[in-house]
Amino acid sequence: MEEGLRKEVENNFKEVFSYIKTILEEEINSLDFDKIEDGAKISVELEDLYEDWIDKIDSAPLPELEKIEEIEHNDGIHLKIIYSLTIDEAKQIRKIKIKSNGKVDVYNYIQTEKDINGKKFLIKIEYDTYGNLIFTFEKEE
Numbered sequence: 003m004e005e006g007l008r009k010e011v012e013n014n015f016k017e018v019f020s021y022i023k024t025i026l027e028e029e030i031n032s033l034d035f036d037k038i039e040d041g042a043k044i045s046v047e048l049e050d051l052y053e054d055w056i057d058k059i060d061s062a063p064l065p066e067l068e069k070i071e072e073i074e075h076n077d078g079i080h081l082k083i084i085y086s087l088t089i090d091e092a093k094q095i096r097k098i099k100i101k102s103n104g105k106v107d108v109y110n111y112i113q114t115e116k117d118i119n120g121k122k123f124l125i126k127i128e129y130d131t132y133g134n135l136i137f138t139f140e141k142e143e
């Protein structure tokens, strides 16, 4: 990827993630993580994020090709392609699944880690078509 474009994509991601991180901190402060065993899922209605998510996350070219995998299915070979962009605090991931019938599914999400009350959590951040920002906390061993 051309260096100027990469810098622009990184800056856009950092801008969106900085906003999301503020919301994440508010949600973490409102929960009692001592009562959470393995994980939790939080949904926050946030329609004002829609344009930035579409422009700066969903449609951003990602510089790193992590994996191309062929998967045997009853109906033929499916492909899974994973692109990513990593910054200091988070990773933007795009998973593309191509089925043998030509159907293409694209999933965009952000992944970050956080220590909360002495427990380490992997946090997956998604945005759905209804304007909800979804945080999924998974306790790491």
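Each residue of the sequence shown is one higher than the one before, starting from 3 at the first, in our numbering. Backbone N, C-alpha and C fix where the C-beta goes; we use that ideal spot for every residue, glycine too. Treat the numbers as computed from the prediction; the structure is a model and nothing was measured.
Counted within 10 angstroms of its Cβ, other Cβ atoms place residue i as buried (16 or more) or exposed
i    : result
L135 : buried
L7   : exposed
L26  : buried
Cβ separation of residue i and residue j, assumed to be a contact under 8 Å, to the nearest whole Å
i    : j    : result
E12  : I95  : Rounded, the Cβ-Cβ distance is 15 Å, inconsistent with contact.
Y52  : G133 : 6 Å
E91  : F19  : 7 Å
K144 : F35  : In the structure as shown, the chain begins at 3 and stops at 143. Residue 144 is therefore absent and cannot be evaluated.
K58  : E17  : 7 Å
Neighbourhood of residue i by C-beta, 7 Å cutoff - its chain only, sequence neighbours within 5 removed
i    : result
E128 : Y111 and I136
Beta carbon of residue i nearer than 7 Å to that of residue j
i    : j    : result
K141 : G41  : yes
L87  : F15  : yes
E28  : I44  : no
K93  : Y109 : no
Neighbourhood of residue i by C-beta distance below 8 Å, restricted to the same chain and skipping five residues each side
i   : result
L63 : Reading off the sequence shown, one finds Pro at residue 63, where the question assumed Leu. Correct list, in chain order: M3, L7 and V11.
Q | Cβ contact (3+ pairs, closer than 8 Å) linking the stretch 69-82 and the stretch 97-110 | A | yes
Q: Answer yes if the stretch 115-135 comes into contact with the stretch 66-74, meaning at least three C-beta pairs across the two stretches below 8 Å, and no otherwise.
A: no
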